[in-house]
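Participant: Those protein sequences? They're chains A and B, same order as listed.
Everything in the first sequence is counted per my numbering, starting at 28 for the first residue and increasing by one.
Everything in the second sequence is counted per my numbering, starting at 28 for the first residue and increasing by one.
To start, I am sharing the structure in question, which I have written as structure tokens.
2 protein chains.
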Amino acid sequence: MSSERCKVGVVAPASRMSPEVASRVSALAKRLYPERTPEIVFHPQCFESRGHFAGDDQTRARAFLDVANDESFDAVWFARGGYGTCRIVESIMPRLGPPSRRKAYVGYSDIGMLLAALYRAGFTAVAHGPVAHDILRDLGEAAVARALAWMIDRAPETLEPSIDGAKKTAAFNITVLSHLLGTPLEPDLEGHVLMLEEVGEAMYRIDRSLFHITSSANVRRVSGIMLGRCSNITPNEPDFGMNDEEIAQYWCKRAGIPWLGRADIGHDADNKIVPFGFGRASDDDT
Amino acid sequence: MSSERCKVGVVAPASRMSPEVASRVSALAKRLYPERTPEIVFHPQCFESRGHFAGDDQTRARAFLDVANDESFDAVWFARGGYGTCRIVESIMPRLGPPSRRKAYVGYSDIGMLLAALYRAGFTAVAHGPVAHDILRDLGEAAVARALAWMIDRAPETLEPSIDGAKKTAAFNITVLSHLLGTPLEPDLEGHVLMLEEVGEAMYRIDRSLFHITSSANVRRVSGIMLGRCSNITPNEPDFGMNDEEIAQYWCKRAGIPWLGRADIGHDADNKIVPFGFGRASDDDT
């Protein structure tokens, strides 16, 4: 789609998006792509509010389906994570039509619940990567530019640097993956390089989640685990005695899973793109 | 064992026990049972410290096996929860000998990891109930007295009041159950009344964990779910919009699991005993 204008629809299956995100993202897109400025449509649902969420479950599911099932959109981009995606995935999946399979999906954190289900259902352009809300971070424009470059051009420089197309990949927030194991959302991870990141959890919780993840028979069939950044770790009383990398190595060793080192992903502006599977374009599917 | 002195061994598979617990529990036991004072042996491991834990993984596993495999003990009582049990369960299970099957096991919270594995392995006197450390709570003597009365006499008045012996039961901390689903520790819960409690989590986390738990095919075969107390709930920004009971009812309804109301369990002095299974005595096993 490199010579045409890409049309991106933004929806919020979890928490509400700050209104300023829309104007800042649109301005950046115009600056980055003056000749072929992508059309970025923020679904009104992004700004709704209902308790913890960007609108109630039905509203959030309908907004996602509005964009996913609309032939005119090339990509569904997620406004932000937060919490709430798991509540709507099961109602979404049976209502996805053929146009939904021909577009890209980019997000991370809580959105992993939906990325998992889409990938499990055979969608071929699903990626762990920055959300629109990342523009509010320090240097967040770089994150948003990276998501746009992948959605518009599948630009290879946006990819997590270890990705060479030789192995299937998948990426998740640790807590989110832990909470989707054993549910109808869980994808087959056999042979994948599994990249994991975390934010705002205590060390003992990271340890407990990695016990859970690495005890899964499915996860034990991955080709290896890479650890992204674990940021804003909350205090552990007393000190846990191991850091995040030592914990990941410990559980990999116990589970017989190859430890493949650090991954360049995390809740920050440097968060690189990790396609699910081989991340090929979606034009081979109907 | 009602006319004999019961011998109870206390071990700490997770966090370290406060030293004052031993003297206070022993004094209470003497006061409650002047004629047949139970012999309560606090394994020295309870007072060890290594990072987050009451000693390193090997030390904690060995202490548990010391007591569990010793014919002279009638019960293994857990010092406290905290975190760390999941790290040692898999090394413990293959080393349990015949004497371990003839005794009672009582604890809750993080200890649920071990209760689950023991019950899965066919142990017949495993119970969710107060730990020694509960004596430090307000009115905590009542909790400790309850655990002792169950270990010494299987006193029926210690049981969660809905338990009538007609249905199998199981009880867990919500977060702990979520983190053992899909692991080798997960017991078959078909036909059980499943009682759940929580402490110190935000509403969105309770919601996410209940999504996970009620999405499990195993959990969907329970005869129903009862919700214990969810205490010290941490702030949810913005307000979640549903309380703990509404959340539990919501997920039960979505999963087709009968909602059976509230259970008298929780991280407090009122925490009643919930045997795993029919909770019969262990003398029918070898």
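For each residue, glycine too, the CB sits at the ideal point set by N, CA and C.
Nearest to SER242 (chain A) by CA position, among B:SER205, B:TRP286, B:ALA244, B:THR185, is which residue?
Facilitator: Residue B:SER205 is the option with its Cα nearest to SER242 (chain A).
Participant: Between MET182 (chain A) and ALA174 (chain A), which are expected to be in contact by the criterion C-beta below 8 Å, what is the C-beta distance as a whole number of angstroms?
Facilitator: A small correction: the amino acid at residue 182 (chain A) is Ala; Met does not occupy that position in the sequence shown. The Cβ separation is near 10 Å, so there is no contact.
Participant: Count the other C-beta atoms from every protein chain shown that fall within 10 angstroms of the C-beta of ASP101 (chain B), then say buried if there are 16 or more, exposed otherwise.
Facilitator: Classification of ASP101 (chain B): buried, given that the 10 Å Cβ count is 16 or more.
Participant: Are the Cβ atoms of ARG114 (chain B) and ASP234 (chain A) separated by less than 9 Å?
Facilitator: In contact: ARG114 (chain B) and ASP234 (chain A) (Cβ atoms closer than 9 Å).
Participant: Which one or two residues does DSSP pair with ARG289 (chain A) in a beta bridge?
Facilitator: DSSP lists A:LEU254 as partners of ARG289 (chain A).
Participant: Work out the CA separation of ASP93 (chain B) and GLU187 (chain A) for me, nearest whole Å.
Facilitator: Those two C-alpha atoms are separated by around 49 Å.
Participant: Taking only beta carbons into account, state which residues of the segment 128-161 of chain A come closer than 8 Å to chain B, listed in chain order.
Facilitator: For the segment 128-161 of chain A, which is checked against every Cβ of chain B, not one residue is closer than 8 Å.
Participant: Less than 9 Å between the C-beta atoms of ALA106 (chain A) and ALA159 (chain A), yes or no?
Facilitator: In contact: ALA106 (chain A) and ALA159 (chain A) (Cβ atoms closer than 9 Å).
Participant: Are GLY156 (chain A) and TYR135 (chain A) touching if we call contact CB-CB under 9 Å?
Facilitator: Yes, they are a contact pair.
Participant: Can you tell which of A:ARG58, A:TRP104, A:LEU163, A:ASP83 has the C-alpha that lies nearest to the C-alpha of HIS70 (chain A)?
Facilitator: Of the listed residues, the one whose Cα sits closest to HIS70 (chain A) is A:TRP104.
Participant: Only counting the same chain, and skipping five residues up and downstream in sequence, which positions put a Cβ closer than 8 Å to that of VAL301 (chain B)?
Facilitator: Result list for VAL301 (chain B): ALA154, HIS155, GLY156, LEU186, GLU187, ILE190, THR196, ALA197, ALA198, MET222, ALA290, ILE292, in chain order.
Participant: Starting from the C-beta of VAL90 (chain B), find all residues in its chain whose C-beta is less than 6 Å away, skip the five residues before and the five after it, and write them out in chain order.
Facilitator: For clarity, residue 90 (chain B) is Ala in the given sequence; the question names Val instead. Closer than 6 Å at the Cβ level, and outside the excluded window around ALA90 (chain B), lie VAL38, HIS70, GLN72.
Participant: Between A:GLU31, A:ALA296, A:PHE303, which has its C-alpha nearest ASP165 (chain A)'s C-alpha?
Facilitator: Nearest of A:GLU31, A:ALA296, A:PHE303 to ASP165 (chain A), Cα basis: A:ALA296.
Participant: So, helix, strand or coil for MET178 (chain B), using DSSP?
Facilitator: Helix.
Participant: How would you call THR313 (chain B), buried or exposed, if buried means at least 16 neighbouring beta carbons within 10 angstroms?
Facilitator: Caution applies to THR313 (chain B), whose pLDDT of 35 falls short of 50 and renders its modelled position unreliable; the value that the coordinates give is listed next. The residue in question, THR313 (chain B), is exposed, as its Cβ has fewer than 16 Cβ neighbours within 10 Å.
Participant: When burial is assigned at 16 or more other CB atoms within 10 Å of the CB, is ASP311 (chain A) buried or exposed?
Facilitator: Its pLDDT being 42, under 50, ASP311 (chain A) is placed unreliably in this model, and the value from its coordinates should be taken loosely. Exposed.
Participant: Below 8 Å between beta carbons is the criterion; list the residues of the segment 267-278 of chain B that meet it against any residue of chain A, in chain order.
Facilitator: Those residues of the segment 267-278 of chain B that come within reach of chain A (Cβ to Cβ, closer than 8 Å) are PHE267, GLY268, MET269.
Participant: Below 8 Å, can you find three or more Cβ-Cβ pairs linking the segment 242-257 of chain B to the segment 282-289 of chain B?
Facilitator: Because the criterion of three Cβ pairs below 8 Å is met, the segment 242-257 of chain B and the segment 282-289 of chain B touch.
Participant: Would you mind working out which of B:TYR132, B:GLN85, B:PRO61 sits nearest VAL35 (chain B), comparing C-alpha positions?
Facilitator: Minimum Cα distance to VAL35 (chain B) is reached at B:TYR132.
Participant: Quick one, are the C-beta atoms of ALA41 (chain A) and PHE74 (chain A) less than 9 Å apart?
Facilitator: Not in contact: ALA41 (chain A) and PHE74 (chain A) (Cβ atoms no closer than 9 Å).
Participant: On the DSSP letters alone, give me the boundaries of the alpha helix (DSSP H) that LEU142 (chain A) sits inside.
Facilitator: From DSSP, the alpha helix (DSSP H) with LEU142 (chain A) extends over 139-147.
Participant: Taking 8 Å as the limit between beta carbons, can you name the residues of its chain near VAL203 (chain A), skipping five residues before and five after?
Facilitator: Closer than 8 Å at the Cβ level, and outside the excluded window around VAL203 (chain A), lie SER136, ASP137, GLY139, MET140.
Participant: Put LYS195 (chain A) into one of helix, strand or coil per three-state DSSP.
Facilitator: Three-state DSSP puts LYS195 (chain A) in coil, outside helix and strand.
Participant: Within the 9 Å Cβ cut-off, does GLY209 (chain A) reach chain B?
Facilitator: With 9 Å as the cut-off, GLY209 (chain A) counts as an interface residue toward chain B.
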